[in-house]
Amino acid sequence: MKFVVLTIFPEMINPFLENGMLRLAVERGIIDARALNIRDYAEGKHRVTDDKPYGGGCGMVMKPEPLSRAIGAASEIAPTARRILLTPQGRPFDQAMAQDFAASDGLIFICGRYEGVDERICQGMVDEEVSIGDYVMTGGELAAMVIVDAVTRLLPGVLGGDESAEKDSFSGGLLEHAHYTRPSVFDGEGVPDVLMSGNHAEIEKWRRETSLIRTFLKRPDLLEQREFSREEKHVLTEWCRRIEDLVG
């Protein structure tokens with residue numbers, strides 16, 4: 001899978017690609033990831049990539065000519081890649097979108113700066129606008145790195161276990177279950193007995209229950225549109241019964 005990040009700060013992207021999971025994915029040939037400097041496609045002595053907005057106002061706007069050339073160069077590297085503009089106005093990025101992106105041939109990220117990019121780029125050269133949250137950052141580089149990380153870990157052969165990505169938080173619409181490791185007692189608190197029992201059926205049941213509990217307590221909004229399985233309905237019914245016993 002090919003990732004191309006268009007930015008005026010490629011030095012922000014390159015170290016990210018040279019460490020951890022991303023480095024291994026590159027070395028294994030699972031992804032081809034690179035950053036292109038938009039300034040390399042600007043004209044003039046100073047390689048200017050921004051200008052004052054028509055109509056007045058504060059701030060600067062990224063010029064269309066350098067961006068258009070940079071997008072064209074990226075499309076030569078990854079001809080079938082989807083062109084993503086990173087902007088607070090975009091569709092919110094989530095796990096479902098990460099899975100959708102992971103099924104594509106590649107992604108080209110257009111990292112805006114200043115007050116944004118010329119609208120003619122948005123209308124004519126962008127396939128999708130994406131946001132990683134309802135807040136404003138100084139540029140799209142961090143958002144590009146977030147999406148590259150989230151998508152890459154879904155690709156076959158990247159993570160250590162075949163089921164690792166499938167069991168992550170949000171993959172099944174729930175937060176992931178609680179985790180424990182050695183030592184068996186830390187700061188006076190032990191590991192739940194069921195995890196030490198070796199009974200895999202009971203361990204799986206415990207994990208389903210803690211996943212539901214954590215989601216209900218921390219992100220109840222995830223449950224609002226959920227279609228519950230028979231096992232999950234049984235767990236919820238048991239909770240209701242126990243709560244009624246406590247308050248009754």
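Residue numbering for the sequence shown follows UniProt numbering, starting at 1 and increasing by one per position. All C-beta atoms, glycine included, are put in the ideal place defined by N, C-alpha and C.
Taking 6 angstroms as the limit between beta carbons, can you name the residues of its chain near residue i, skipping five residues before and five after?
i	result
ALA143	LEU86 and ILE132
ASP127	ARG82 and ARG83
ASN37	PRO10
GLU202	VAL194
ALA25	ILE31, THR152 and VAL158
ARG120	PRO64
Could you check if residue i is buried or exposed, using at least 16 other CB atoms within 10 Å of its CB as the buried criterion?
i	result
THR181	exposed
HIS200	exposed
CYS58	exposed
HIS46	exposed
PRO66	buried
LEU212	buried
ASP134	exposed
PHE228	exposed
ASP50	buried
Give a yes or no on whether the C-beta atoms belonging to residue i and residue j are separated by under 9 angstroms.
i	j	result
MET1	ASP149	no
ALA35	ILE13	yes
PHE9	CYS122	no
PHE3	PHE109	yes
THR215	LEU174	yes
VAL185	VAL194	no
VAL130	ARG91	yes
HIS177	ARG207	yes
ILE147	ALA73	no
residue 250	MET125	This structure gives no information on residue 250, because the portion of the chain shown stretches from 1 to 248.
GLU115	MET196	no
PRO64	VAL117	yes
Just confirm the distance between the C-beta atoms of residue i and residue j, as a whole number of angstroms; I'd bet it's less than 8 angstroms.
i	j	result
MET145	ARG113	The Cβ separation is near 15 angstroms, so there is no contact.
GLU209	VAL235	5 angstroms
THR138	GLY106	About 26 angstroms separates the two Cβ atoms, so there is no contact after all.
ILE30	VAL151	With 8 angstroms as the limit, ILE30 and VAL151 do not qualify as a contact, their Cβ atoms being about 11 angstroms apart.
LEU154	ALA102	4 angstroms
VAL136	PRO88	6 angstroms
Return the chain-ordered list of same chain residues with a C-beta closer than 8 angstroms to the C-beta of residue i, the five sequence neighbours on each side being excluded.
i	result
GLU141	VAL5, THR7, PHE9, MET12, ILE13 and CYS111
ARG242	none
ASP40	ARG47 and ALA70
GLY188	none
ARG23	LEU17
SER75	ALA81, ARG83 and ILE108
Looking only at its chain, what residues have a beta carbon closer than 7 angstroms to the beta carbon of residue i, apart from the 5 residues adjacent to it on each side?
i	result
ARG28	GLY157
LEU222	GLY173, LEU174 and THR215
GLU231	ARG208
ARG226	GLY173
GLY44	none
Looking at the C-beta of residue i, does it have a partner C-beta in chain B at a distance below 9 angstroms?
i	result
ILE108	Any reference to chain B falls outside this structure, which holds one protein chain only.
Report the residue ranges of all beta strand (DSSP E) runs contained in full by the region 49–103; include only those spanning at least 3 residues, in chain order. 82–92
- Item | Uninterrupted alpha helix (DSSP H) stretches inside the region 152–240 (no shorter than 4 residues) | Counting only runs that start and end inside the region 152–240, the alpha helix (DSSP H) elements of at least 4 residues fall at 193–196 and 200–218.
4-residue-minimum alpha helix (DSSP H) runs that sit fully inside the region 109–146, ordered along the chain: 119–124
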